[in-house]
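Undergrad: Before I ask anything, let me first share the structure, which is written out below as structure tokens.
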Amino acid sequence: MRILAFFLLLFGLYGTQAEAAAPESLKKLWPDTDFSKASVDLADIMAGGPPKDGIPAIDNPIFEAVKASDLPENEPVIGLVINGVARAYPLRILTWHEIVNDEVGGVPVTVTYCPLCNSAVVYERKIEGTDKATTFGTSGMLMNSNLVMYDRASETWWQQFTGTAIVGKHMGTKLRKRPARLESFAQFKKRFPKGQVLIPNNPKARPYGNNPYKGYDSARKPFLYRGDLPTGVPAMTRVVAVGDTAYALTLIRDEKTVMDGDIRLRYEGDHASALDAREITASRPVAGVSVQKRDADGQWEDIPYDVTFAFVFHAFKPKGKWKFTP
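When you line the sequence shown up against the working numbering, it's residues 41 to 366, in that order.
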């Protein structure tokens with residue numbers, strides 16, 4: 041009921057586009073999107089409540105030094121390092137903005153988080169076949185309860201979980217993922233004591249630190265989801281998605297290290313859930329992990345992964361593998 045009340049509030053604050061994203065209404069709302077190119081049934085895309093950019097992406101991010109931050113150490117952050125530049129993006133901010141358009145170590149990236157899927161993924165902002173990087177915004181649409189982003193150059197729609205263009209000019213193109221970790225701020229500080237942490241452009245714009253999805257990750261089923269649920273796996277179980285394989289997060293926590301071929305998954309301490317208590321810092325602990333593969337020199341290096349819910353993996357990887365035992 042708390043989740044329902046929150047979304048009713050969103051509908052009241054932002055208005056709604058349409059309960060179901062009917063093709064004709066979409067064309068009126070998105071005149072610059074090429075709807076003749078779509079890899080999905082438009083009827084499967086639904087409005088999430090806020091309209092286009094109703095959840096505002098951050099385009100001019102501000103950072104402070106890790107050592108100057110008062111962010112609680114147990115709070116979850118997306119830890120990213122590119123060309124020696126390390127930055128932490130707290131979920132207390134991304135919960136309210138979902139997208140941060142940034143440039144890290146000279147690489148234009150978009151740092152994304154979908155609260156309904158607990159999906160935290162970093163992509164490069166330069167689209168294959170284009171000359172320069174674009175920026176991304178929130179469309180107000182969902183597919184399989186997952187954020188649908190759009191790029192501001194062509195207004196193509198992109199699935200946040202997969203990084204694939206599903207509607208518009210770039211249909212079928214995939215954004216390049218960048219390795220990032222979902223970890224506690226304490227763990228990020230330990231790894232990068234000279235790193236930077238994202239702070240709000242306007243600290244009073246949102247109740248940063250509060251979780252508007254209180255109790256969501258202990259719900260029995262997902263919200264704003266119309267697809268099939270996985271068989272034999274609770275829909276809201278957290279899994280570590282690596283390519284076409286989903287590993288139970290509890291497996292990594294219990295085993296500490298899991299080897300699967302040339303991939304190593306390791307438990308890296310706990311962080312607070314961003315989707316449990318009203319205040320994130322008071323939320324229950326969730327395992328943080330790292331996923332690595334040996335490079336050409338035999339050294340372990342991070343590879344992209346996502347800690348998400350089982351229903352999300354099932355929706356986008358219906359033929360994927362599940363690994364719940366050593």
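The beta carbon of each residue, even a glycine, is placed where N, CA and C say it ideally should be.
From a predicted model like this one, the values you see are computed outputs, not experimental measurements.
(1) Which one of Pro240, Val125, Glu341 has the shortest CA to CA distance from Gly146?
(2) Check each candidate in Ala281, Arg334, Gly180 and name the one with the smallest Cα separation from Val161.
(3) In terms of DSSP beta bridges, what is Pro116 paired with?
(4) What separation, rounded to the nearest whole angstrom, lies between the Cα atoms of Ala62 and Met86?
(5) Locate the alpha helix (DSSP H) running through Glu295, then write down its first and last residues.
(6) In its own chain, which residues sit with a C-beta less than 6 Å from the C-beta of Arg293, not counting the 5 before and 5 after it?
(7) Is there a C-beta anywhere in chain B that falls below 9 Å from the one on Arg293?
(8) Note down, one range per segment and in chain order, each alpha helix (DSSP H) of at least 4 residues found wholly within the region 99 to 163.
(9) Measure how close the beta-carbons of Leu66 and Phe75 come, nearest whole angstrom, since I'm counting them as under 8 Å.
(10) Threshold first: 3 residues or longer. Then list the beta strand (DSSP E) segments lying entirely within the region 278 to 336, N to C.
(11) Note down the Cα distance separating Lys209 from Asn141, rounded to an integer number of angstroms.
(12) Count the other CB atoms within 10 Å of the CB of Ala118; is the residue buried (16 or more) or exposed (fewer)?
(13) Go to Val352, then tell me how far its alpha helix (DSSP H) extends in each direction, as first and last residue.
(14) I'd like to know whether the C-beta atoms of Asp268 and Phe349 end up nearer to each other than 9 Å.
(15) If you drop the 5 nearest sequence neighbours on each side, which residues of the same chain put their C-beta closer than 6 Å to that of Ile98?
(16) Measuring alpha carbon to alpha carbon, tell me which of Gly338, Ile133, Arg278, Lys333 ends up nearest Ser159.
(17) Excluding five sequence neighbours on each side, which residues of the same chain lie with their C-beta closer than 8 Å to the C-beta of Pro233?
(18) Go ahead and label Gly177 buried or exposed: buried means 16 or more other beta carbons lie within 10 angstroms of its beta carbon, across all protein chains shown.
(19) Starting from Val237, trace the beta strand (DSSP E) in both directions and tell me its first and last residue.
(20) Using the C-alpha atoms, what's the distance from Pro366 back to Ala220?
(21) Measure the C-alpha to C-alpha separation of Lys230 and Phe351 and round it to an integer number of angstroms.
(22) Flag this pair as yes or no: are the beta carbons of Leu289 and Val207 separated by less than 9 Å?
(23) Can you grab the Cα-Cα spacing for the pair Val121 / Arg127, in whole Å?
(24) On the three-pair Cβ rule with 8 Å, is the region 77 to 94 touching the region 178 to 185?
TA: Taking the structure as given:
(1) The shortest Cα separation from Gly146 among Pro240, Val125, Glu341 belongs to Val125.
(2) When only C-alpha atoms are compared, the closest one is Ala281.
(3) Beta bridge pairing from DSSP links Pro116 with Ser224.
(4) Only weak support exists for where Ala62 lies, its pLDDT of 48 falling under 50; the value from the coordinates is given anyway. So the two alpha carbons sit approximately 8 Å from each other.
(5) Annotation for Glu295: the continuous alpha helix (DSSP H) segment containing it runs 289 to 295.
(6) Excluding positions up to five away in sequence, the list reads Tyr307, Ala327.
(7) Within the model displayed, chain B is absent; a lone protein chain is all it includes.
(8) List check, alpha helix (DSSP H) in window: 131 to 137.
(9) With 8 Å as the limit, Leu66 and Phe75 qualify as a contact, their Cβ atoms being about 6 Å apart.
(10) With a minimum length of 3 residues, the unbroken runs of beta strand (DSSP E) contained wholly in the region 278 to 336 fall at 278 to 282, 285 to 288, 297 to 300, 303 to 312, 325 to 334.
(11) Cα-Cα distance, rounded: 21 Å.
(12) The sequence given here places Ile at residue 118; Ala does not occur at that position. By the 10 Å Cβ count, Ile118 comes out buried.
(13) Run containing Val352: 350 to 356, per the alpha helix (DSSP H) assignment.
(14) No, these two residues do not count as a Cβ contact at 9 Å.
(15) So the list reads His137, Val140, once near-sequence residues are dropped.
(16) Closest by alpha carbon: Arg278.
(17) Result list for Pro233: Val106, Lys107, in chain order.
(18) Gly177 comes out buried.
(19) That run of the beta strand (DSSP E) goes 236 to 239.
(20) Taking the straight line from one Cα to the other gives about 24 Å.
(21) For Lys230 and Phe351, the gap between their C-alpha atoms comes out near 33 Å.
(22) At the C-beta level, Leu289 and Val207 stay beyond 9 Å of one another.
(23) Taking the CA atoms as reference points, Val121 sits about 6 Å from Arg127.
(24) Result yes; three or more Cβ-Cβ pairs closer than 8 Å.
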